[in-house]
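If you want the working numbering, it's the position in the sequence shown, counting the first as 1, plus 26.
Every residue, glycine too, gets a C-beta built ideally from N, C-alpha and C.
Heads up, the thing below is written out as structure tokens.
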Amino acid sequence: MRTPIIAGNWKMFKTMAEARAFAQDAKAGNNTSGVQKVICAPFTALASLKEELAGTDIAIGAQNMHFEEQGAYTGEISASMLKEIGVEYVILGHSERRQYFNETDETVNKKVVAALAAGLVPIVCVGESLEQREAGETADVVRTQTEGAFAGVDAAQVADTVIAYEPIWAIGTGKSSTAEDANETIAIIRSVIGERFGQATAEKVRIQYGGSVKPENIASYMSQPDIDGALVGGASLVADSYLQLVAGATSR
Ligand SMILES: O=C(CO)COP(=O)(O)O
């Protein structure tokens, strides 16, 4: 069976000192096993977070990276720079990056390829806007984004990635998708992976739900057969709340 994965996406929150304080609290209360734990922090907090979490089972992730190995790309960070810090995961194609920073399926694909080549696990985000949902386009949108992100990637590599289904209208709004609706779309994403990369890959790839996940609703998502965890923004910022999400993921 697929191991559930609870990833916090801190977005543009927390200084180094705040990240250290979170890590100390998280270490003190971290007593759940059987769930993969990841915190995706701002670049500036990654090294101190890694140091503080050394010896724990809480991995760290970045929220973006550039697809080139190095070069004249002012302000960008490469996969090898992240690896050197001890980063294991990287969120790619988050809707906020697609919306505010012009990320496209093509650039997400280049980043997925570069992350895998460097040995990072991509957490690839897909999801529809409210307009797209209301127009009945959800399945087409997640299909196009999923096929685009993994174009040219080997099935074996796809199997080890993580996909996060995050309907844009549910992010930071308090309007979470119902667990049943989220499961239905995640099953579509899994079937797209199956068509492209084979059934074994589809059964192995982990697909999270994201969008207003809280300690109070995590169990309902985890009770769904295709939902393998959550990518969590706001509720991952406080250690106690993050640990409650992790504990809730064992209800699978
Ligand atoms: O975008 C998200 C995680 O990547 C979801 O954010 P919230 O959990 O704050 O809705």
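Taking 8 Å as the cut-off, is the C-beta of residue 192 nearer than that to any heavy atom in ligand 1? yes
Residues that DSSP places opposite residue 257 in a beta bridge
33, 236
>> I want to know whether the region 153 to 162 touches the region 92 to 101 - three or more CB-CB distances under 8 Å.
In response: Because the criterion of three Cβ pairs below 8 Å is not met, the region 153 to 162 and the region 92 to 101 do not touch.
So if DSSP puts residue 191 in a beta bridge, which residue, or which two residues, is it bridged to? 152, 235
| Would you say residue 239 touches ligand 1, meaning its beta carbon is less than 8 Å from a heavy atom? | yes
Requested in this report: Go through its chain and collect everything with a Cβ distance to residue 260's Cβ below 7 Å, but skip five positions before and after it.
Outcome: Within the same chain, residue 260 has close Cβ partners 198.
Exercise. According to DSSP, what are the bridge partners of residue 85?
Worked result: 64
Item to complete: Reducing DSSP to helix, strand and coil, say where residue 99 ends up.
Response: In the structure shown, the three-state DSSP call for residue 99 is coil.
Q: Could you tell me whether any non-hydrogen atom of ligand 1 is closer than 8 Å to the CB of residue 243?
A: No, the beta carbon of residue 243 sits no closer than 8 Å to any heavy atom of ligand 1.
* To do: Report the residue from 225, 221, 218, 87 whose alpha carbon sits nearest the alpha carbon of residue 107.
  => 87
**Request:** Name the one or two DSSP bridge partners that residue 197 has.
**Result:** Under DSSP, residue 197 shares a beta bridge with no residue.
Checklist entry - Going straight from the alpha carbon of residue 30 to that of residue 103, what length do you get? => result Cα to Cα, the separation comes out at about 28 Å.
Does the region 190 to 197 come into contact with the region 54 to 73, if we say contact requires no fewer than three beta-carbon pairs (one atom in each stretch) closer than 8 Å?
no
* Hey, would you say the C-beta of residue 78 is under 8 Å away from at least one heavy atom of ligand 1? -> no
Checklist line | Those runs of the alpha helix (DSSP H) which lie wholly inside the region 91 to 138 and span at least 4 residues | finding: Entirely contained in the region 91 to 138, the alpha helix (DSSP H) runs reaching 4 residues are, in chain order, 105 to 111, 121 to 126.
Quiz item: Between the C-alpha atoms of residue 145 and residue 115, what's the straight-line distance to the nearest angstrom?
Solution: 9 Å
Open item on the list: To the nearest angstrom, how far is the alpha carbon of residue 182 from that of residue 219?
Closed with: 12 Å
Identify every residue that forms a DSSP beta bridge with residue 147. 115
Measure the alpha-carbon distance for residue 221 versus residue 132 and round it to whole angstroms.
Taking the straight line joining both Cα atoms gives about 20 Å.
task = Return the Cβ separation of residue 258 and residue 239 in integer angstroms, given the expectation that the two are a contact with Cβ distance under 8 Å.
result = 5 Å
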